[in-house]
Amino acid sequence: MTKKAATDDQAPPDFETALQELEGLVEQLESGDLSLAASLEHFEKGVRLSRQCHSLLDQARQSVELLAEADQEDSAGPFELNAAGARAPSETSD
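Laid out in structure tokens, this is it:
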């Protein structure tokens, strides 16, 4: 198994972990001490982490928006997000 395949098998990090790792990658890239190949690997990993952070922030934003909806009686009730991060209708009755 390659190093990349082993990384892909791991669960995505939570927001704080991903952001901390992204900041570390940026510091290493800005230092200028990495080879071109290592810089490209760090950049690719940084892009993945950045996308993960954006996705998690979007989910959090949607959750806050749902909870802040004053005109809906059930706005503070449970909800589920689908794979795209959008609110999935919760059907409790047939």
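Per our numbering, the sequence shown starts with residue 25, numbered consecutively.
We treat Cβ as the ideally placed atom computed from N, Cα and C, and that holds for glycine.
**Distance between L46 and Q52 (C-alpha atoms, nearest Å)** = 10 Å
**Asked** Once you ignore the five residues that flank S63 on each side, which residues in its own chain have a CB closer than 7 Å to its CB?
**Response** L53
**Asked** How would you label Q34, buried or exposed, when you count the other beta carbons within 10 angstroms and need 16 or more for buried?
**Response** exposed
**Item:** 8 Å contact criterion, which H66 and L58 should meet: CB distance rounded
**Value:** The pair is a contact, with the Cβ atoms about 6 Å apart (cut-off 8 Å).
**Message:** Could you tell me the alpha carbon to alpha carbon distance between Q42 and G70, rounded to whole angstroms?
**Reply:** Strictly speaking, residue 42 in this sequence is Ala, with Gln absent from that position. So the alpha carbons of these two residues sit roughly 9 Å apart.
**Message:** So for A35, helix, strand or coil by DSSP?
**Reply:** coil
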